[in-house]
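In the numbering used here, the protein residues as written are 70 to 202.
Heads up, the beta-carbon is just placed ideally off N, CA and C, and yes, glycines get one too.
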């Protein structure tokens, strides 16, 4: 697979939420050129973590809408680090009203079948994959 590069968090935030028309056009052109070449962009997990944080905390966007926005980027020519964990985490995040970091931890335990999670965090009490000390 040929990678065109890595896309940073701010690229997505400007495309999905608060960018100018010029920002969105630059992003669309970047995507178009990559598709033309048959290449893709790599998205590290930290980009998704930052996106959730910024969209939820700074812009007050609901968990359901944050999930939709992040899932929408998967239609682009991108490869997301730990895709299966991220998709599971997004579901847990929205459906169980978890902080995204907790959802990622729980998703990792589920996907990799690595349990239990030992924690003092009582938010995990309702999950069989965790042991709250």
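Taking a C-beta distance under 8 Å as the contact criterion, residue 180 and residue 154 qualify as a contact pair. CA-to-CA, the gap between residue 137 and residue 201 works out to about 31 Å.
Between the alpha carbons of residue 78 and residue 123 lies a gap of roughly 9 Å.
Comparing C-alpha distances from residue 133 to each of 150, 106, 90 and 161 shows the shortest one belongs to 161. If you compare the alpha carbons of 166, 125 and 170 with that of residue 115, the shortest gap goes to 170. When the beta-carbon positions are compared, residue 110 and residue 72 come within less than 8 Å of each other.
Per DSSP, the continuous alpha helix (DSSP H) segment holding residue 97 begins and ends at 90-106.
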